[in-house]
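Presented below is the structure to which this report refers.
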Amino acid sequence: MPPDDIARLALAAFDHAVDASGSFRDRPGQRLMAEKVAHTFSVATLGKTEDDSDEPIRAIAVVQAGTGVGKSLAYCAPAIAAALTRNTRVMISTATVALQEQLVNKDLPALAAILPQDFRFGLAKGRGRYVCKLKLSRHAGDADDTVEADDDLFADELAAAAPLHVMEARAVFYAALVRDLASGAWDGDRDNLVQPPDSELWSPVAAEASSCTGKHCPVFNQCTYYEKRKELVGAQVIVVNHDLLMSSLGSRMLPELDNCLLVLDEGHHLPAVALDHFAASMDLSRTLWIETLANRARRIGGLMTVSESADVPRLAAQLRQGMVDLSRLLMDLHGQAFQEARSQQGPVRFRLPRGVLPEALDEPLRLLHVLAESFLAILSTIAKALRTAMRDQPDEARRLSILYAQLGMLSPRLEKVQATTELLLKAAANDEDSVPVAKWFTFETCQGGLDSGLVVIKAHASPILPGSTLRQHFWSRVRAAVVTSATLTSCGKFDFYLRESGLDQDPAASVLEVASPFDYASQGRFVTVETVADPRQAEAFTAEMVQSLLVDLALVAHGALCLFTSREQMRVAVAALSSVLKGTVLVQGELPRALLLSRHRARVEAGAASIIFGMQSFGEGLDLPGQLCESVFIAKLPFASPDDPVGEARAEWLRSVGRDPFSELVVPATAIRLAQWAGRAIRLETDRAFVYCYDRRLVNTSYGRRLLEGLPAFLQQRRSATGRVTPD
9 MPPDDIARLA LAAFDHAVDA SGSFRDRPGQ RLMAEKVAHT FSVATLGKTE DDSDEPIRAI
69 AVVQAGTGVG KSLAYCAPAI AAALTRNTRV MISTATVALQ EQLVNKDLPA LAAILPQDFR
129 FGLAKGRGRY VCKLKLSRHA GDADDTVEAD DDLFADELAA AAPLHVMEAR AVFYAALVRD
189 LASGAWDGDR DNLVQPPDSE LWSPVAAEAS SCTGKHCPVF NQCTYYEKRK ELVGAQVIVV
249 NHDLLMSSLG SRMLPELDNC LLVLDEGHHL PAVALDHFAA SMDLSRTLWI ETLANRARRI
309 GGLMTVSESA DVPRLAAQLR QGMVDLSRLL MDLHGQAFQE ARSQQGPVRF RLPRGVLPEA
369 LDEPLRLLHV LAESFLAILS TIAKALRTAM RDQPDEARRL SILYAQLGML SPRLEKVQAT
429 TELLLKAAAN DEDSVPVAKW FTFETCQGGL DSGLVVIKAH ASPILPGSTL RQHFWSRVRA
489 AVVTSATLTS CGKFDFYLRE SGLDQDPAAS VLEVASPFDY ASQGRFVTVE TVADPRQAEA
549 FTAEMVQSLL VDLALVAHGA LCLFTSREQM RVAVAALSSV LKGTVLVQGE LPRALLLSRH
609 RARVEAGAAS IIFGMQSFGE GLDLPGQLCE SVFIAKLPFA SPDDPVGEAR AEWLRSVGRD
669 PFSELVVPAT AIRLAQWAGR AIRLETDRAF VYCYDRRLVN TSYGRRLLEG LPAFLQQRRS
729 ATGRVTPD
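The numbering used here applies: residue 9 is where the sequence shown begins, and numbers increase by one.
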């Protein structure tokens with residue numbers, strides 16, 4: 009079908025959705041976005057081209073849709089219609105669970121009820137969100153007689169180092185999970201537990217690809233993960249998150265990116281997610297797992313008659329000794345500085361300037377890289393032999409699956425060694441076209457447990473240019489995509505986001521800004537509160553800011569949100585609360601997020617005042633319309649943490665090539681974050697709200713003015729240190 013006809017049908021589906029339901033209201037900006045989506049998804053070439061010499065057409069739309077535009081309808085309806093017409097699928101990726109739940113539980117069911125064409129949809133999560141019943145049965149004490157009693161299948165030196173009472177609590181927790189699964193009270197999805205467990209508790213029983221034998225597993229027919237996967241078969245719309253999207257690159261877990269229609273909602277998170285995914289780290293101090301893995305590999309390799317397994321003891325011994333040697337070298341280089349700084353909270357970090365490795369570290373790292381690769385090759389051979397045996401000996405499937413899981417539980421740590429050494433060995437950037445790597449080491453003294461007093465040294469490495477990483481690994485695979493968010497422009501321009509996302513030089517990319525339908529000038533005020541203290545003088549500024557904040561908090565009649573840039577700021581503010589205000593404040597971290605928000609809503613609905621104290625994660629994604637949030641208080645401009653090693657390395661590189669990291673990186677990133685925070689105030693056409701920011705730099709610096717220009721068109725005011733309010 010010609011692209012124009014596909015676009016026409018896609019837009020007709022949007023119009024039908026608007027007309028068919030009273031819950032959807034037509035907005036000019038929303039239809040403008042729908043037109044862009046329809047066009048983008050109609051012109052791109054999907055799948056294999058008829059002639060391999062033909063260059064496929066790619067189309068990528070970057071759409072900023074202000075709050076209230078109704079962007080989920082604007083992309084869902086035309087995307088689904090285009091996918092059905094083109095006999096393909098839509099993949100919608102989000103950054104937060106809240107938006108995933110909104111799509112799967114509200115938006116998509118509503119569309120399915122009114123669109124003339126039937127479609128199915130489903131939610132895809134990574135394996136790690138689901139329990140592995142085989143692992144759980146082992147941890148809950150359901151031993152298998154076919155396994156040697158002196159070899160705990162899922163032994164973990166970090167878990168074993170925990171105090172006895174912690175180990176006992178874990179056993180009780182795992183036993184409770186087994187009971188809830190058996191009774192049907194729980195479905196095996198981590199997100200559906202009443203209280204989601206910490207990663208240390210969940211990780212040992214999580215379903216992971218490295219320890220999964222798929223259809224050969226004895227509990228395959230009861231596997232939660234594969235049951236959920238079945239729900240996606242035949243689904244025309246699949247909802248995922250950015251983390252899963254990145255981790256599935258090159259696999260068949262999700263639809264192929266060159267043969268589906270991709271929507272990236274909350275797209276401003278994509279660059280950060282990409283950096284996290286392609287970063288790597290390894291623990292150089294706790295190495296008992298190497299011996300455990302070697303024992304398992306040699307024994308299982310012998311059972312599978314894999315001759316290469318005879319090399320495992322030598323490789324393991326050399327690998328472990330290499331990590332010990334590297335730790336000693338790092339202690340020689342940084343030990344004295346660590347001793348001087350070890351009283352500080354958390355790990356002590358040492359970053360390598362310009363990513364240049366000390367000469368003494370080069371050879372040890374190369375040796376570790378070679379050893380890890382050789383060890384991984386042998387594990388791959390053993391795993392292949394196990395899969396073959398499972399296929400040929402179905403009666404032995406349970407025993408063989410457990411042996412496979414033995415290797416898979418620890419092999420990811422070996423993969424970390426390989427990935428980290430590879431990044432650390434990458435040559436330092438010498439010119440603007442090179443892609444730099446941030447490299448650093450951390451030292452930390454363990455507190456409590458069997459490892460108490462042990463100095464743990466870790467090595468870390470990360471790309472620092474998300475755009476380059478995304479171009480190479482992601483956009484090169486994508487044919488048709490719409491990237492959207494309420495905050496993609498920075499200081500009024502798309503330049504920063506396009507550069508961060510790797511689309512700045514992509515001829516397939518186009519942009520569209522759709523303004524919010526809200527009348528911000530009449531609905532809200534943005535008040536810059538000036539202090540005498542310089543915001544860069546943390547202690548004096550925080551003290552003065554808190555005093556002004558307390559005066560404003562006392563005037564809150566219904567719901568409010570107060571956002572801080574550091575835990576210390578929030579601690580000082582909480583400590584300064586009067587007894588009356590303490591009864592109205594809910595502090596992030598003192599209650600589970602869902603419970604805190606539920607309590608906030610209940611208080612406001614009962615006619616009482618309720619104020620949420622939170623940090624960055626509460627600055628976006630929260631939807632508190634009406635009286636739930638009539639005031640937003642921003643303690644300080646939300647600059648990124650100054651001690652982030654990746655940010656430090658990137659700023660250093662920009663300066664080395666004659667560019668200004670503050671204006672090019674810091675200000676644009678802060679502008680997006682500030683717009684997100686201020687965006688919590690107005691959520692509906694009927695909302696009336698104030699936004700207060702206690703940072704005078706907004707009105708007395710040139711970059712502050714740039715930040716203000718990037719905000720919605722609030723009526724702007726400034727309040728001096730004496731309390732005088734004037735228009736700005």
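Don't be surprised by glycine CBs; every beta carbon is placed ideally from N, CA and C.
Bear in mind the structure is a predicted one, so any value in this text is a computation, not a measurement.
Cβ-Cβ separation between I386 and A305: approximately 7 Å, consistent with a contact (criterion under 8 Å). By the Cβ rule, the region 637–651 counts as touching the region 554–565, because three or more pairs are nearer than 8 Å. Taking C-alpha positions only, H566 is separated from A729 by approximately 26 Å. Put simply, the backbone Cα of R362 is about 16 Å away from that of D651. In this structure L692 is exposed. Its beta-carbon is surrounded by fewer than 16 other beta-carbon atoms within 10 angstroms. Fewer than three pairs of CB atoms, one per stretch, sit closer than 8 Å, so the region 526–541 makes no contact with the region 603–611. Under the three-state reduction of DSSP, C570 is assigned to strand. Inside the region 546–633, DSSP marks whole alpha helix (DSSP H) runs of 4 or more residues at positions 546–561, 575–584, 587–590, 601–613, from first to last along the chain.
Classified as buried, V245 has 16 or more neighbouring CB atoms from the shown chains inside 10 Å of its CB.
Exposure of A435 is indicated by the presence of fewer than 16 other C-beta atoms within 10 angstroms of its C-beta. With respect to P86, A18 sits close: the two C-beta atoms are nearer than 7 Å. Fewer than three beta-carbon pairs drawn from the region 446–453 and the region 253–262 are found closer than 8 Å, and the two stretches are therefore not classed as touching.
In this structure R350 is exposed. Its beta-carbon is surrounded by fewer than 16 other beta-carbon atoms within 10 angstroms. Buried is the label assigned to Q426, since at least 16 other Cβ atoms lie within 10 Å of its Cβ.
In this structure Q684 is buried. Its beta-carbon is surrounded by 16 or more other beta-carbon atoms within 10 angstroms.
Nearest C-alpha to G627 among P669, T573, F670: T573.
Cβ contact annotation for A686 (same chain, cutoff 6 Å, sequence separation greater than five): V699, L719, in chain order.
About 18 Å separates the Cβ atoms of L682 and L632, ruling out a contact at the 8 Å cut-off. Sixteen is the threshold: when 16 or more other Cβ atoms of the shown chains lie within 10 Å of the Cβ of E656, as they do, the residue is buried. When secondary structure is reduced to three states using DSSP, K466 falls in the strand class.
Between E316 and T396 the beta-carbon gap is near 15 Å, outside 8 Å, which marks them as no contact. By the neighbour-count criterion, in which 16 or more other beta carbons inside 10 Å mark a residue as buried, K236 falls on the buried side.
The C-beta separation of D273 from L107 comes to about 6 Å, placing the pair in contact by the 8 Å criterion.
By the neighbour-count criterion, in which 16 or more other beta carbons inside 10 Å mark a residue as buried, D514 falls on the buried side.
The region 578–588 makes contact with the region 545–556; the number of CB pairs closer than 8 Å reaches 3 or more. By the Cβ-count criterion, V588 is exposed, with fewer than 16 other Cβ atoms from all chains shown falling within 10 Å of its own Cβ. Under the three-state reduction of DSSP output, D12 falls in the helix class. Distance from the Cα of L569 is smallest, within the candidate group G634, A73, M417, for G634. Positions of the alpha helix (DSSP H) runs, each at least 4 residues long and wholly inside the region 81–151, are given as 105–110, 116–122, 141–147 in order along the chain. Here DSSP, grouped into helix, strand and coil, assigns F526 to coil. The alpha helix (DSSP H) runs lying completely inside the region 271–328 and spanning 4 residues or more are 278–286, 296–311, given in chain order. In this structure, G134 is the residue among G712, G134, T592 with its C-alpha nearest to the C-alpha of D199. Ranked by Cα distance from L40, the first of L706, P669, S524, A648 is S524. Exclusion of the five residues before and after C499 leaves V675, P676, A679, R714, L715, E717, G718 as the residues of its chain whose Cβ lies within less than 8 Å of its Cβ. Straight across, the Cα-Cα distance linking L270 with L630 is about 25 Å. The C-alpha of A529 lies about 11 Å from the C-alpha of A697.
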